[in-house]
Structure formats: C-alpha cells, structure tokens
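What follows is a short report on a single structure.
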Amino acid sequence: MIKFPQGFLWGAATSAYQVEGNNANADWWEWEKNSGRFRSGRACRHYEFYKRDFDLAKSLGHNAHRLSIEWSRIEPREGKFSRRELKHYFDVILALRKRNIEPIVTLHHFTNPIWFSKQGGWVKRRSVGYFLRYCDFVTRSLARYVRYWITINEPTIYISHAYIMGVWPPQEKSYLKAIEVEENLASAHIAAFRLMHKIYKELKLDGPYISIAQNMMAFVPGKRDLKNLFAAYLRDRVYNLGFLERIVRHNILRYKAMDFIGVNYYSRQLVELKKFGIPNLAMDVGDGRRHPCERNSLGWDIYPEGLYGVLLELKKYGLPVMITENGICTPDDNLRWNYIRAHLKYIHRAMKKGVNLTGYLYWSLMDNFEWDKGFAPRFGLIGIDYKTYRRTVRKSARKFARVCKTGVLED
Ligand code: FCB
4 MIKFPQGFLW
14 GAATSAYQVE
24 GNNANADWWE
34 WEKNSGRFRS
44 GRACRHYEFY
54 KRDFDLAKSL
64 GHNAHRLSIE
74 WSRIEPREGK
84 FSRRELKHYF
94 DVILALRKRN
104 IEPIVTLHHF
114 TNPIWFSKQG
124 GWVKRRSVGY
134 FLRYCDFVTR
144 SLARYVRYWI
154 TINEPTIYIS
164 HAYIMGVWPP
174 QEKSYLKAIE
184 VEENLASAHI
194 AAFRLMHKIY
204 KELKLDGPYI
214 SIAQNMMAFV
224 PGKRDLKNLF
234 AAYLRDRVYN
244 LGFLERIVRH
254 NILRYKAMDF
264 IGVNYYSRQL
274 VELKKFGIPN
284 LAMDVGDGRR
294 HPCERNSLGW
304 DIYPEGLYGV
314 LLELKKYGLP
324 VMITENGICT
334 PDDNLRWNYI
344 RAHLKYIHRA
354 MKKGVNLTGY
364 LYWSLMDNFE
374 WDKGFAPRFG
384 LIGIDYKTYR
394 RTVRKSARKF
404 ARVCKTGVLE
414 D
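Encoded structure:
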C-alpha cells in the first residue's frame with residue numbers, strides 16, 4: 004500500500020483546442036482546412052458541455068483540473084479582446100471552484116491566433132509583446148480565482164514539431180527559425196512571469212505559482228557504449244533540460260522565473276546510434292528489438308521507471324514539481340490502469356527520495372483531438388462517442404478515482 008500526502012493535487016488535463024470545438028480563429032484551424040488532414044471540428048463540444056464534464060471529474064474524486072485558454076478566442080483580431088469569451092472562461096473557472104476543483108490554467112497550448120501567425124508568429128521578436136498583452140488581460144481578470152498557471156505548454160515539442168520537423172503549422176524546417184522561436188518563447192515566459200507576479204502584488208493576492216509544462220523523456224542508451232551513453236546524456240541536456248535551464252536560472256544572478264516545475268512525461272526514447280555524426284547524435288533511435296517493451300497505440304514505449312530518473316534529476320533546482328501530464332492512448336483500458344498505477348509507484352518512490360511532488364494530472368480527462376493524429380488515439384479517462392458526444396466513464400477512471408479520493412494506492 005502506498006500513501007500520498009494530504010493536499011496532493013489529483014486530476015486530469017485538457018487543452019482548449021483539443022476539446023472545445025469550433026476554434027475557427029486559430030492557426031491550427033486554418034491549417035487543417037488547407038492541409039487536407041484531420042479536422043478538429045466540434046471536437047468534444049466541451050465548450051458547451053464543460054459543466055457536465057466537471058461533474059464527472061468531481062464524481063471521480065478530482066480536486067484539480069488543468070485546462071487552457073484559447074488565445075484566438077480571447078483576441079480574435081489583433082488588439083481586439085473579446086469580453087464575451089473572457090466571460091466564458093471566467094464561468095469555466097468558477098464552475099471548477101464551485102466543485103472545489105483547483106484550476107491549473109495554461110495560457111499557450113500549441114495554438115495561436117491566425118492574425119498572430121500571419122505576422123510571422125513566434126519567429127518575430129514582437130511575438131513577446133503580443134503574448135504579454137494577452138497575459139495581462141487574462142491575468143487581471145482571472146487572478147482572484149486562479150493560483151496555478153502554465154505559461155507555455157511543451158516549448159521544446161512545439162519548436163521541434165512546428166519549426167524543425169515541419170509536421171505542425173507553420174510547417175517550417177529551419178534550425179535558424181527554431182533558434183529564434185526558442186529565444187522568443189523563453190523571453191515571453193520570463194516577461195509573463197514577472198508581469199503576472201506584479202499583478203498579483205497589485206491586487207494583494209497570494210501566489211501566483213507559475214511554470215511551463217516541460218515535456219521530458221527517458222533517454223535510454225540501447226547499448227552502454229561510449230557513443231550511445233554520450234548521445235543519451237546530450238539529448239537529456241538539450242531536450243529535457245535546455246529550455247528549463249534558460250528560465251530556472253536565466254542570468255548570472257540566478258533570478259528564477261519559475262515557482263514550480265510542470266512535467267509532462269509519457270515515454271522513453273531508445274538511443275541507438277547508427278554511426279557517430281551530429282544528426283545521429285541528435286536523432287538516431289533504436290527499433291526496440293533488443294529492448295522490447297509495451298507500447299501505446301501511437302507506438303510510444305511504455306517506460307514508467309524513466310519517470311523516476313527524470314524526477315530525481317529535477318531535485319537540484321530545489322523547486323516543487325507537478326506532473327502536468329502523464330497518460331496513454333490505448334484501446335485496452337486494463338493497460339491504461341496499469342500505466343497509471345506503475346507511474347504513480349515511481350512518483351511515490353521519487354517523493355521518498357526527497358522530490359517535492361505536489362500533484363498528478365492524467366492526460367486526459369476525456370478522449371480528444373490528438374493534433375496531426377486526429378481522433379483515433381484514445382487518451383481519455385472518459386470515452387467520447389464522436390457521433391452522439393456521449394461520455395462514458397472508463398473502468399480505469401474509477402480505479403484512479405479511488406486513489407484520488409483516498410490518497411492511497413493499493414497493490
Ligand atoms: C502532449 C501535449 C498534449 C497531448 C499529449 C498526448 O505532448 O501537450 O496536448 O497531445 O501530448
């Protein structure tokens with residue numbers, strides 16, 4: 004039997020674009036129209052059904068919920084802020100508060116307003132100012148009801164998918180642009196961090212607690228020889244910790260721009276170099292024949308022990324850590340529960356080793372639009388029938404609910 008501390012945050016995460024539906028002012032929407040790929044359409048219609056969805060979360064014992072605000076709803080035209088959409092998010096957050104569910108609010112989760120991307124998006128330096136203006140508007144209005152904020156979701160994934168591999172809008176394949184984007188995202192976070200703290204001070208409010216959600220993987224050398232060990236070390240430094248270190252200690256005075264560390268963890272990457280070269284160091288992966296493990300329906304390796312290592316590595320920053328995403332897409336709901344249970348065990352073990360973990364948010368509360376993979380991957384604790392929009396609570400959700408309600412994980 005494993006016991007988690009009182010006050011631990013338990014819940015699930017979503018993002019606006021993936022669940023709300025009809026986000027027609029976002030760059031993703033435009034891209035879906037033109038790329039002939041999957042259409043997010045009405046998604047889960049969470050924009051309309053959020054109260055019922057939160058009732059379900061409540062019945063499952065969740066005391067926290069991560070959601071995102073869709074910038075393109077709040078500011079559909081440059082500088083024109085929508086009071087009506089702000090009111091919507093205000094209602095959403097109050098609906099959580101009414102149910103005693105702590106909101107954890109993300110300000111940027113992969114999508115941008117169309118006008119913003121038309122002006123060059125995150126490649127341009129002025130992106131920082133635009134983002135700040137949006138943060139200012141939202142924070143001033145919601146500060147009284149929100150303590151926890153994530154400024155930017157998975158900057159490293161956003162950069163690699165949108166600007167290096169070119170699989171997400173704006174489909175660039177340019178290292179030079181990727182460097183600009185990283186620079187601007189880091190500046191945007193740091194500036195937003197300061198601004199939001201200032202607003203809370205002005206309003207004489209406690210908090211806020213601000214982070215990013217950093218995607219972290221276990222980089223495991225397939226063979227323990229020098230080149231693979233070196234490549235695994237390098238990838239950990241660059242992909243896991245590179246962006247984080249820019250903002251945890253972003254100048255010589257080591258002023259921190261983080262109140263806690265949000266971690267998204269899903270999988271391992273098997274590092275197996277074909278030869279010793281720069282692209283190989285950065286990218287070669289093994290096919291897993293020599294180190295097989297179970298996989299989710301997108302082919303990602305299931306590797307709970309990796310989370311332990313990742314968490315211990317964060318100890319040196321001396322900040323609380325929150326698991327802001329961890330989850331599995333699978334048609335096999337038993338596997339989902341095994342996945343959750345195994346990860347919780349390693350989280351608990353890391354806590355015993357002194358990592359200050361404050362919460363666990365499963366990805367996702369419900370099945371949703373999985374970006375360029377469409378609706379096929381099923382990550383939800385709650386299943387969605389996309390014809391009727393009926394919600395079905397899965398067994399894994401009920402098992403997880405027992406942990407949320409009691410703080411105890413039975414063997
Ligand atoms: C993460 C994203 C989230 C979701 C999960 C499966 O990288 O933050 O939106 O797509 O992966």
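Residue numbers for the sequence shown, in our numbering: 4 to 414. C-beta atoms are modelled at their ideal positions from N, C-alpha and C, and glycine is treated no differently.
- Around residue 414, the same chain offers 4 as residues with beta carbons nearer than 7 Å, after the five sequence neighbours per side are excluded.
- For the beta strand (DSSP E) assignment, the stretch 16-52 encloses no uninterrupted run of at least 3 residues.
- By the neighbour-count definition (other C-beta atoms within 10 Å, threshold 16), residue 179 is an exposed residue.
- Put simply, of 73, 46, 197 the residue whose alpha carbon is nearest the alpha carbon of residue 91 is 73.
- Put simply, of 228, 198, 185 the residue whose alpha carbon is nearest the alpha carbon of residue 245 is 185.
- The beta carbons of residue 242 and residue 159 sit closer together than 8 Å.
- In this structure, residue 305 places its C-beta atom within 8 Å of the C-beta atom of residue 342.
- Non-local C-beta neighbours of residue 404 in its own chain, meaning closer than 7 Å and more than five positions away in sequence, comprise 63, 64, ordered along the chain.
- In the three-state scheme derived from DSSP, where H, G and I count as helix and E and B as strand, residue 54 is classed as helix.
- Residue range 158-162 is occupied by the alpha helix (DSSP H) that includes residue 161.
- Per DSSP, residue 71 is one residue of the beta strand (DSSP E) stretching across 67-71.
- Here residue 333 carries a coil assignment [DSSP, helix/strand/coil].
- Of 88, 99, 78, the smallest CA-CA separation from residue 60 is found for 99.
- Rounded to the nearest whole angstrom, the C-alpha separation of residue 182 and residue 276 is 25 Å.
- At the C-beta level, residue 7 and residue 351 come within 8 Å of one another.
- If you ignore the 5 residues before and after residue 333, its C-beta comes within less than 6 Å of the C-beta of 299, 300, 339, all in its own chain and listed in chain order.
- Distances from the CA of residue 324 to each of 224, 291, 214, 330 were compared; the closest alpha carbon is that of 214.
- Considered as a whole, the stretch 195-250 harbours 229-238 as its complete alpha helix (DSSP H) runs of no fewer than 4 residues, in chain order.
- Beta-carbon to beta-carbon, residue 392 and residue 48 are separated by about 5 Å, close enough to satisfy the 8 Å threshold.
- Counting only runs that start and end inside the stretch 91-165, the alpha helix (DSSP H) elements of at least 4 residues fall at 117-121, 129-145, 158-162.
- Membership of residue 76 in the alpha helix (DSSP H) is indicated by the continuous run 74-77.
- Three or more Cβ pairs drawn from the stretch 279-295 and the stretch 220-230 lie within less than 8 Å of each other, which places the two stretches in contact.
- Residue 363 sits in a strand when the DSSP states are folded into three classes.
- Between the stretch 210-226 and the stretch 146-157, the count of C-beta pairs closer than 8 Å reaches three or more; the two stretches touch.
- With 16 or more other Cβ atoms from the protein chains shown falling within 10 Å of its own Cβ, residue 402 counts as buried.
- The nearest non-hydrogen atom of the ligand FCB is 7 Å or more from the C-beta of residue 272.
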